[in-house]
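For the sequence shown, the numbering used here assigns the number 602 to the initial residue and increments by one for each residue that follows.
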Amino acid sequence: MIDRKRGPLKGHITVPGDKSISHRAVMFGALAEGTTEVTNFLQGADCLSTIRCFNQLGIEIDNRASSDRVIIRGKGLHGLSKPKDILDVGNSGTTMRLISGILSGQDFTVSLTGDESIQRRPMGRIMTPLQMMGADIKSVKENNCAPLFINNSLDKLKGIHYNSPVASAQIKSCVLLAGLYAEGNTSVTEPTLSRNHTELMLTQFGATITSVANTATIVPNPKLMARKIEVPGDISSAAYFIAAGLIVPNSELIIKNVGINPTRDGIIQVCRQMGAHISLENVLDNGGEPVADIVVRYSELLGTEVGGAIIPTLIDEIPIIAILACFAKGQTIIKDAAELKVKESNRIDVMVENLTKMGADITATPDGMIINGGKPLLGATIESKSDHRIAMSFAIASLLAEGDTVIQDAECVDISYPNFYNDLKGLC
Ligand code: S3P
């Protein structure tokens, strides 16, 4: 239950490091030569799964939970060793999909699995392009889901041009990472551009990657060199405080040092479309990743339409956008977002079921949802389905709901934001 006063949210807050960038820093640091130092690393369960997997692959990583500094002693592109046990990615789709690309280029066999949620999520989407490159990757239960088994032979992967049916940074990154080990260049074209952290960071490590419109191309066998990486604050975590600042009357918040990469900033565009008072201060470049302080003030929001090319830039923020829509005047339509069904939970169904319990006017559609805003929300028992983004979204909704809200499996926020409830309490 969120312990709250009814007053405005005031002051400033720093959210933890970006999850996507933290994962990549460990992976690319492991494949680089030399020692990579990462600061503002996200000590969330997903990124710790990535560290554990690379430990099992023979990479020494210094990480203390009390610090956000991680040191990775990279062994170069061909320095990984065969793990003794099956790799366990926990709840992390990013770990599973990106590491599969890397592991397809090794000369040892390896098995991977994860928790119940991971074992339900689609892996055919990476197996298809990896098989086209010549990888021998199988779903052990033949259901296109984890556990996966990669049976590497001495045959080299072949570079391909993959037309991905889905705009997904996880698919794109998986194929580009396999492309590091291929003969010939590897390209991925996606229907609309997804987050480009892999392209930006691998370039920083010394890889040659060109990006033209929705196509990224990688040249194989670079010598990756260790780097210092300072991880920006995660805009996906900032989104909960952006929303809280906008809907709780008289609030004014500054969220400091947040990554605002244009492939991730859809939440800011949508808030503006809804009439939000939101502005950016102290914009600067952090190793190719733009960062800024985000300033939000309580606003009377209007319903809006969210769909098309913006969707991949806010895919993880749709649950909190649905909450914003409940407090907006008029109708909000979210479409082209069928990918929500294959996230940590089916986020269309879970949002609709829980918001309906709270009294919202919301309907599921095959690729999104329709929300008629303005109905007061009532406290309810929320089934988070152990999905961190669902739990955090309803913690924000509960700030304005009449009566108590109980979030089941509330501790699942550990996946991306272990200190979320304390940080929120600090502002309420
Ligand atoms: C991620 C990409 C997104 C996102 C996930 C993190 C990444 O998934 O939902 O939380 O780090 O590449 P898709 O690329 O599959 O949409």
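Beta carbons are placed, not taken as given, at the ideal position from N, Cα and C, and that holds for glycine.
Notebook entry, point to check: Roughly how many angstroms lie between the CA atoms of V892 and A808, to the nearest whole one?
Noted result: Here residue 892 corresponds to residue number 291 of the sequence shown, with the count starting at 1. Here residue 808 corresponds to residue number 207 of the sequence shown, with the count starting at 1. Each residue's Cα considered, the two are about 23 Å apart.
Check: If you check the beta carbons only, do I836 and G888 fall under 8 Å apart?
Finding: Residue mapping note: residue 836 aligns to position 235 of the sequence shown, counting from 1. Residue mapping note: residue 888 aligns to position 287 of the sequence shown, counting from 1. Contact flag unset, no.
Checklist line | C-beta atoms of T799 and D866 nearer than 8 Å | finding: As a first step, residue 799 must be located in the sequence shown, where it is residue number 198. As a first step, residue 866 must be located in the sequence shown, where it is residue number 265. Not a contact, by the Cβ cut-off of 8 Å.
Next item on the list: Say whether the stretch 749-757 touches the stretch 667-684, bearing in mind that this needs 3 or more beta-carbon pairs closer than 8 Å, one atom from each stretch.
Entry: no
Check: In terms of alpha-carbon separation, which member of C746, V690 and T905 lies closest to I652?
Finding: Working through the sequence shown from its first residue, we reach residue 652 at position 51. Checking every option, the nearest Cα to that of I652 belongs to V690.
Check: Does the beta-carbon distance from M760 to A783 come in below 8 Å?
Finding: The sequence position of residue 760 within the sequence shown is 159, counting from 1. The sequence position of residue 783 within the sequence shown is 182, counting from 1. In the sequence as displayed, the identity of residue 760 is Gly instead of Met. Their beta carbons are under 8 Å apart, which means G760 touches A783 by this criterion.
Check: Straight-line CA distance for G680 to R828?
Finding: As a first step, residue 680 must be located in the sequence shown, where it is residue number 79. As a first step, residue 828 must be located in the sequence shown, where it is residue number 227. Cα to Cα, the separation comes out at about 17 Å.
Next item on the list: Evaluate the contact criterion for the stretch 1007-1022 versus the stretch 957-974: three or more CB pairs, one atom per stretch, below 8 Å.
Entry: no
Next item on the list: Please indicate yes or no: does the CB of A770 lie closer than 7 Å to some heavy atom of ligand 1?
Entry: The residue given as residue 770 occupies position 169 in the sequence shown. A770: yes, Cβ under 7 Å from ligand 1.
Item checked: E940 beta carbon near ligand 2 (any heavy atom closer than 7 Å) -> As far as ligands go, the structure on display features ligand 1 and does not contain ligand 2.
Next item on the list: Please indicate yes or no: does the CB of T695 lie closer than 7 Å to some heavy atom of ligand 1?
Entry: Within the sequence shown, residue 695 is the residue found at index 94, counting from 1. Within the cutoff, so yes.
Check: Within 7 Å: the Cβ of R722 and any heavy atom of ligand 1?
Finding: For the purposes of this step, residue 722 is taken as residue 121 along the sequence shown, with counting starting at 1. No, the beta carbon of R722 sits no closer than 7 Å to any heavy atom of ligand 1.
Margin query: Quick check on this structure: which residue in T1006, V1007 and M993 has the alpha carbon closest to the alpha carbon of L1025?
Written below: Locating residue 1025 in the sequence shown gives position 424, counting from the first residue. For the residues T1006, V1007 and M993, the minimum Cα distance to L1025 belongs to M993.
Note to self: Rounded to the nearest angstrom, what separates D663 and N656 at their Cα positions?
What the structure shows: Residue numbering aside, residue 663 sits at position 62 when the sequence shown is read from its first letter. Residue numbering aside, residue 656 sits at position 55 when the sequence shown is read from its first letter. Going from the Cα of D663 to the Cα of N656 covers about 10 Å.
Next item on the list: Give the secondary structure of A893 by DSSP, where H, G and I count as helix, E and B as strand, and everything else as coil.
Entry: Translated into the one-based positions of the sequence shown, residue 893 becomes position 292. DSSP places A893 in strand when its eight states are reduced to three.
Check: P823 to E882, Cα distance in whole Å?
Finding: In the sequence shown, counting from the first residue as 1, residue 823 sits at position 222. In the sequence shown, counting from the first residue as 1, residue 882 sits at position 281. If I take the Cα positions, the gap works out to 37 Å.
Checklist line | Local conformation of F1021 per DSSP, three classes | finding: Residue 1021 sits at position 420 when you count from the first residue of the sequence shown. Three-state result, F1021: helix.
Check: What does D737 pair with, by DSSP beta-bridge criteria?
Finding: Here residue 737 corresponds to residue number 136 of the sequence shown, with the count starting at 1. Paired residue(s): none; D737 is not in a bridge.
Margin query: 8 Å is my cut-off, CB to CB: does E717 come that close to chain B?
Written below: Chain labels in this structure do not include chain B; a single protein chain is all it has.
Check: Is it right to say F842 is buried, meaning 16 or more other beta carbons lie within 10 angstroms of its own, or is it exposed?
Finding: Counted from its first residue, the sequence shown places residue 842 at position 241. Its Cβ being crowded by 16 or more others within 10 Å, F842 is buried.
Margin query: Suppose contacts are defined by Cβ-Cβ distances below 8 Å. Is I727 in contact with L778 by that definition?
Written below: Position 126 of the sequence shown, counted from the first residue, corresponds to residue 727. Position 177 of the sequence shown, counted from the first residue, corresponds to residue 778. Not closer than 8 Å, so no.
Check: Does the beta carbon of K944 fall short of 7 Å from some heavy atom of ligand 1?
Finding: Here the question's residue 944 lines up with position 343 in the sequence shown. At least one heavy atom of ligand 1 is nearer than 7 Å to the Cβ of K944, so yes.
Next item on the list: Use the C-beta contact count for R670: other C-beta atoms within 10 angstroms, 16 or more gives buried, fewer gives exposed.
Entry: As a working mapping, residue 670 is identified with position 69 in the sequence shown. With fewer than 16 other Cβ atoms within 10 Å, it is exposed.
Check: Which residue comes first and which comes last in the beta strand (DSSP E) that contains N744?
Finding: Counted from its first residue, the sequence shown places residue 744 at position 143. Unbroken run through N744: none, as it is neither H nor E.
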